[in-house]
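Colleague:
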Amino acid sequence: MTGWSNLLKKSQKDTGLEKNGPGPFWIFILYFFIFLLLFLPYPIEKSLPGNCDTWLAVALSNTYLKNILTFFNEGEVFRALYPVKNIFSFGESSPGLGLLFIFCKIIFSNDLWAYFLYLVIQFSLTSFAFFLFADLFVKHRWASFIGALFFCTSHFAFSNIDDTLIIFYFFPFLSLYFLHKSFKRLNKSEFIISALLLGITPYFSFYLYFYLLIILFTTFFFYKDEINKLGIVFFLSSLFISFIISSPLIFFYLQNSSNPDFINPYNLPMVIKSTSLQGGDFFKALPNNLMEIKSHKLNNQDPFWALLRRHAWMGITLPFLSLFGWFFNNDKRISRTIICIFLLGLLLSLGPSIFIFGFKIPSPVAILYEWVPLSSFLRVPLRAFFITLISLCFFACFSFKFIFELGEKSKILSAFLLILFMSGYFIENIPYPLKKYPTFSLEKPPSYYERIDKVYRPQVLLNLPSLIRFDFLDSENDLYSFNREILYMNWQTKLSHNIVNGVNGYIPKKRLQLQSLLYNLKSLSSLGQLKKMGIDMILIHKNLLKGVEEKKYFSFNLLKGAKVIENEKSHMLLAL
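All the letters of the sequence shown, read from the start, carry residue numbers 30 to 605 under the working numbering.
1. Is the CB-CB distance between PRO487 and LEU421 below 8 Å?
2. If you compare alpha carbons, which of PHE197, HIS169, VAL167 is closest to CYS181?
3. Just reading off the beta strand (DSSP E) that ALA4 is part of, what are its end residues?
4. Taking the alpha-carbon positions, what's the LYS575 to PRO474 distance?
5. I'd like the list of long-range same chain contacts for GLN151, defined as Cβ closer than 6 Å, with 5 residues on each side in sequence excluded.
6. Quick one: using the 10 Å Cβ neighbour count with 16 as the cut-off for buried, is ILE416 buried or exposed?
7. Let me make sure I understand the geometry here. Which of VAL593, LEU553, LEU508, LYS560 has the alpha-carbon closest to that of GLY79?
8. Among the residues of its own chain, which have a CB less than 6 Å from the CB of GLY380, if the five just before and after it don't count?
9. Since LEU568 and TYR478 are thought to touch, with beta carbons under 8 Å apart, how far apart are those beta carbons, to the nearest angstrom?
10. Rounded to the nearest angstrom, what separates GLN330 and LEU336 at their Cα positions?
11. Along the chain, where does the beta strand (DSSP E) that runs through LYS592 open and close?
12. Hey, out of LEU516, LYS561, MET566, PHE311, whose CA is closest to PHE185's CA?
13. Relative to the C-alpha of PHE251, which residue among PHE450, THR366, SER204, SER223 is closest?
14. Which whole runs of the alpha helix (DSSP H) in the segment 243-324 are 4 residues long or more, in chain order?
15. Just confirm the distance between the C-beta atoms of ASN530 and TYR548, as a whole number of angstroms; I'd bet it's less than 8 Å.
16. To which residues does DSSP link LYS389 through a beta bridge?
17. Can you tell which of LEU241, LYS217, SER188, LYS539 has the C-alpha that lies nearest to the C-alpha of PHE200?
18. How about the segment 167-178 and the segment 429-447: do they share at least three Cβ pairs that are nearer than 8 Å?
19. Taking DSSP's pairing of strands, which residues face VAL489 in a bridge?
20. Output the distance between the C-alpha atoms of GLN544 and ILE497, rounded to the nearest integer angstrom.
21. Would the segment 125-139 count as touching the segment 76-95 if we require 3 or more Cβ pairs under 8 Å?
22. How many angstroms separate the CA atom of ARG480 from the CA atom of TRP520?
23. I need the boundaries of the alpha helix (DSSP H) containing LEU67, first residue and last residue.
24. Measuring alpha carbon to alpha carbon, tell me which residue in THR468, LYS561, ASN492 is nearest SER76.
25. Shortest alpha-carbon distance to ILE363 belongs to which of TYR206, THR83, LYS592?
26. Can you grab the Cα-Cα spacing for the pair GLN307 / SER554, in whole Å?
27. With distance defined between alpha-carbon atoms, name the residue in PHE423, MET562, ASP140, LEU524 nearest to ARG540.
28. If you draw a straight line from the C-alpha of MET177 to the C-alpha of PHE423, how long is it?
29. With a CB to CB cut of under 6 Å and the five nearest residues on each side skipped, what residues in its chain are close to GLU595?
30. Is the number of C-beta pairs between the segment 209-217 and the segment 256-272 that are closer than 8 Å three or more?
31. Once the 5 residues before and after SER275 are set aside, which same chain residues still bring their CB inside 6 Å of it?
32. Can you list, in chain order, the residues of its chain with a C-beta nearer than 7 Å to that of PHE239? Leave out the 5 residues immediately preceding and following it.
33. Suppose contacts are defined by Cβ-Cβ distances below 8 Å. Is TYR485 in contact with THR346 by that definition?
34. Determine the burial state of PRO70: buried for a count of at least 16 other Cβ atoms within 10 Å of its Cβ, exposed for fewer.
35. Applying the 10 Å Cβ sphere with the 16-neighbour rule, what's the burial state of GLY374?
36. Could you have a look at PRO78 and say whether DSSP puts it in helix, strand or coil?
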């Protein structure tokens, strides 16, 4: 018993970093190759990990790229959602990730391969930054490596992989890393770096900026002595500098929220309720999860991206390791901090009303949505569950540290436990094979469309079919009506004309007016209104028509007020 007690005490002491794992550079390389192999099937099979925000990220990033190239070439600016001048003002903008995609596009000109690299880099950087932060306390590189890997391979990460900007915690983790380094050394330079990283974060994700603020102020509460030693004036000045850096984007959001053309067509309380976690969601696994969960059965709602994101199953291995890791950690102050972060993340993810197996419990989070400015941009509460996972994975690192150090007494037992817990975690959390969504030629416009752009040179074009709804058009291929709008947006970035089509998180008033015209498209008055909007051509993509009703509705052979220029098997082109 004395030997085991001494081993436990030893696991709680700082050990030399050089003796328990490779250097940071090789740690990152290892993460990179793990995610490279994990995500390689996507481009090989010409698929993407999602069909909503994934497609939108590609289209918006290509829009950033086209705007940059147009600026330097001094050419005419063509855009989607015409006549809106700035489509980025109608959703959560992520110029930082847009630049990352552009970097990947420079390496791979193809959108699918560029997105693959984009995905690998995000997951690798996030894991690496978590590793740096965790190892400040764990002091065992392999243990920290596994804990960070667990975060990015959690089941919830795969449930939300369609929207990677809420998984890209690279800057928040890096900010926490420099913050705690500054507290340990009382180093003002490192604190300033942490504040600067906080200021950069909203340019990658407004959600993560909000969550990082929660984590930081929770940390400040428990580390008041260090703040006093650094100096209150210095502390407040650093936060002010951080705010100055982030303020352009914050004011951009504030301005947009008061824009009369900015319309939220969704019932906000309903959206918040439908995107809050409920008690049963913690027992829901993705349909192709390696461990079959009896409480979850495949149904017709599974392909719907909004419902998939509520699958918050995490298994029993991670909570088990986290509980023991909390016991093994002797730094009680960081333990209290992480536990509070765990609880705050869980509370936020449950939304303003907590639903547990049919019972409704009011939550203090309701105050946030009622009084905090810009809270409407935080309309998906479940995303806060990542904060809870951060806490669980952090404590799990200490369990792995103990297991590694157990090898000094029994290598066989240590290896057995490592294999047992790691395999158990991956079986519980990784849905394999990963769900793959077809792209419907997202990356390249059809050849007839490219020819029409060059030959007829339309100024403003309406692509049909065009409806902004959340209805299923093709269950076999997971195609929704809004997918077609994103297709048109991405095609437009490679052509030389404006389109009135498009979609973003929120809807411009002009786009809603167009929608009403499309429901009565064959009337002369509607065609007249389309002309007033500046539309000079209509292009019907016949292969995108789904169902008999759509094919009948969008047949314009005898349409008065429009001239048929081309009518082929693949398309029809009309001039107004």
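Glycine included, each C-beta is placed from N, C-alpha and C at the ideal position. Bear in mind that the values here come from a model prediction, so they are computed numbers and not experimental data.
Modeller: Looking at the coordinates:
1. Looking up residue 487 in the sequence shown gives position 458. Looking up residue 421 in the sequence shown gives position 392. Contact flag unset, no.
2. Taking the sequence shown and counting its residues from 1, the one referred to as residue 181 is at position 152. It is PHE197 whose Cα lies nearest to the Cα of CYS181.
3. It is not possible to answer for residue 4, since the shown part of the chain is limited to 30 through 605.
4. For the purposes of this step, residue 575 is taken as the residue at position 546 of the sequence shown. For the purposes of this step, residue 474 is taken as the residue at position 445 of the sequence shown. Distance between the alpha carbons of LYS575 and PRO474 is about 19 Å.
5. Along the sequence shown, read from residue 1 onward, the residue named residue 151 stands at position 122. These residues qualify, in order along the chain: THR193, PHE197.
6. Reading the sequence shown from its first residue, position 387 is the one you call residue 416. So ILE416 ends up on the buried side.
7. Looking up residue 79 in the sequence shown gives position 50. With distances taken between Cα atoms, GLY79 lies closest to LEU508.
8. Walking along the sequence shown from the start, residue 380 turns up at place 351. Here the set comprises ILE301, SER305, PRO410.
9. Along the sequence shown, one-based indexing puts residue 568 at 539. Along the sequence shown, one-based indexing puts residue 478 at 449. Yes, they are in contact, since the Cβ atoms of LEU568 and TYR478 sit about 7 Å apart, within 8 Å.
10. Within the sequence shown, numbered from 1, the residue matching residue 330 stands at position 301. Within the sequence shown, numbered from 1, the residue matching residue 336 stands at position 307. Here GLN330 scores only 49 on pLDDT, less than 50, and its place in the model is too uncertain to base an answer on.
11. Here residue 592 refers to the residue found at position 563 when the sequence shown is read from its first residue. Run containing LYS592: 592-596, per the beta strand (DSSP E) assignment.
12. Translated into the one-based positions of the sequence shown, residue 185 becomes position 156. For PHE185, the nearest C-alpha among the options comes from PHE311.
13. Along the sequence shown, read from residue 1 onward, the residue named residue 251 stands at position 222. Put simply, of PHE450, THR366, SER204, SER223 the residue whose alpha carbon is nearest the alpha carbon of PHE251 is THR366.
14. For the segment 243-324, whole alpha helix (DSSP H) runs of length 4 or above, ordered along the chain, are 253-259, 261-286, 297-303.
15. To locate residue 530, count along the sequence shown from 1; it is residue 501. To locate residue 548, count along the sequence shown from 1; it is residue 519. Rounded, the Cβ-Cβ distance is 15 Å, inconsistent with contact.
16. Residue numbering aside, residue 389 sits at position 360 when the sequence shown is read from its first letter. DSSP, once it has assigned bridges, lists PHE384 as partnering LYS389.
17. As a first step, residue 200 is located in the sequence shown; it is residue number 171 there, counting from the start. Nearest C-alpha to PHE200: LEU241.
18. yes
19. To locate residue 489, count along the sequence shown from 1; it is residue 460. DSSP output for VAL489 lists ASN527 as bridge partner(s).
20. Counting from one through the sequence shown, the residue named residue 544 turns up at place 515. Counting from one through the sequence shown, the residue named residue 497 turns up at place 468. So the two alpha carbons sit approximately 8 Å from each other.
21. yes
22. In the sequence shown, counting from the first residue as 1, residue 480 sits at position 451. In the sequence shown, counting from the first residue as 1, residue 520 sits at position 491. Distance between the alpha carbons of ARG480 and TRP520 is about 13 Å.
23. As a position in the sequence shown, residue 67 is number 38, starting the count at 1. 53-68 is the span of the alpha helix (DSSP H), which, as asked, contains LEU67.
24. Your numbering for residue 76 matches position 47 in the sequence shown. The shortest C-alpha separation from SER76 is found at THR468.
25. Position 334 of the sequence shown, counting from 1, holds the residue named residue 363. Residue TYR206 is the option with its Cα nearest to ILE363.
26. Mapped onto the sequence shown, residue 307 falls at position 278. Mapped onto the sequence shown, residue 554 falls at position 525. Cα to Cα, GLN307 sits roughly 48 Å from SER554.
27. Here residue 540 corresponds to residue number 511 of the sequence shown, with the count starting at 1. Measuring from the Cα of ARG540, the nearest candidate turns out to be MET562.
28. As a first step, residue 177 is located in the sequence shown; it is residue number 148 there, counting from the start. As a first step, residue 423 is located in the sequence shown; it is residue number 394 there, counting from the start. One point to set straight first is that residue 177 is Ala, not Met, in the sequence displayed. Cα to Cα, the separation comes out at about 8 Å.
29. The residue given as residue 595 occupies position 566 in the sequence shown. Hits under 6 Å: LEU602.
30. yes
31. As a working note, residue 275 is residue 246 in the sequence shown. Only GLY228, PRO231 meet the Cβ criterion.
32. Looking up residue 239 in the sequence shown gives position 210. So the list reads LEU407, once near-sequence residues are dropped.
33. Within the sequence shown, residue 485 is the residue found at index 456, counting from 1. Within the sequence shown, residue 346 is the residue found at index 317, counting from 1. Taking 8 Å as the Cβ cut-off, TYR485 and THR346 do not qualify as a contacting pair.
34. As a position in the sequence shown, residue 70 is number 41, starting the count at 1. Exposed: under 16 other Cβ atoms inside 10 Å.
35. Position 345 of the sequence shown, counted from the start, is the residue given in the question as residue 374. By the neighbour-count rule (16 or more Cβ atoms within 10 Å), GLY374 is buried.
36. Mapped onto the sequence shown, residue 78 falls at position 49. The DSSP-derived three-state label of PRO78 is coil.
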